[in-house]
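Peer 1:
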Amino acid sequence: MRTKIKQLNSFGQSVWLDYISRELIDNGHLQKIIDMGVLGVTSNPSIFNKAITSGTNYDNLIRQLAQAGEKTLTIYDSLTIKDIQDAADLFMPIYLKTEQKDGFV
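Structure, rendered in structure tokens:
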């Protein structure tokens with residue numbers, strides 16, 4: 087079945103998700119959204135603030151890094167870089183299929 091998002095894609099529109107989180111990646115929902123036709127995802131400090139503070143998905147890693155003596159900025163960078171890398175891995179097939187026009191994080 088062709089989704090509304092894929093219909094938009096057929097008109098040359100690239101639909102992107104304006105949110106990213108560890109939960110979205112870990113529970114497979116980001117992959118489902120990609121399968122529906124979403125071609126990229128945005129991230130910024132506000133998005134990560136909401137993702138990190140709205141649940142417990144980051145708590146263990148934050149705790150581990152803090153106990154290891156890492157500074158706040160290093161902890162933040164570790165969390166965000168991991169999410170971006172993992173999301174980019176999911177979008178890689180789109181990046182290749184669209185000849186680097188979509189599939190960005």
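Quick note, the sequence shown lines up with residues 87 to 191 if you use the working numbering. Don't be surprised by glycine CBs; every beta carbon is placed ideally from N, CA and C.
#1: Is Tyr144 closer than 7 Å to Arg108 when the C-beta atoms are compared?
#2: Between Ser164 and the rest of its own chain, which residues show a CB-CB distance below 8 Å, the 5 nearest in sequence each way excluded?
#3: Starting from the Cα of Val127, find the closest Cα among Ala173, Ala154 and Ile161 and give me that residue.
#4: For Phe97 and Ser129, what's the separation of their Cα atoms in angstroms?
#5: Could you give the first and the last residue of the continuous alpha helix (DSSP H) run that contains Tyr144?
Peer 2: The short version:
#1: Closer than 7 Å, so yes.
#2: Correct list, in chain order: Leu147, Leu151 and Glu156.
#3: Val127 has its Cα closest to that of Ala173, out of Ala173, Ala154 and Ile161.
#4: Distance between the alpha carbons of Phe97 and Ser129: 25 Å.
#5: It is not in any alpha helix (DSSP H) - Tyr144 carries neither H nor E in the DSSP assignment.
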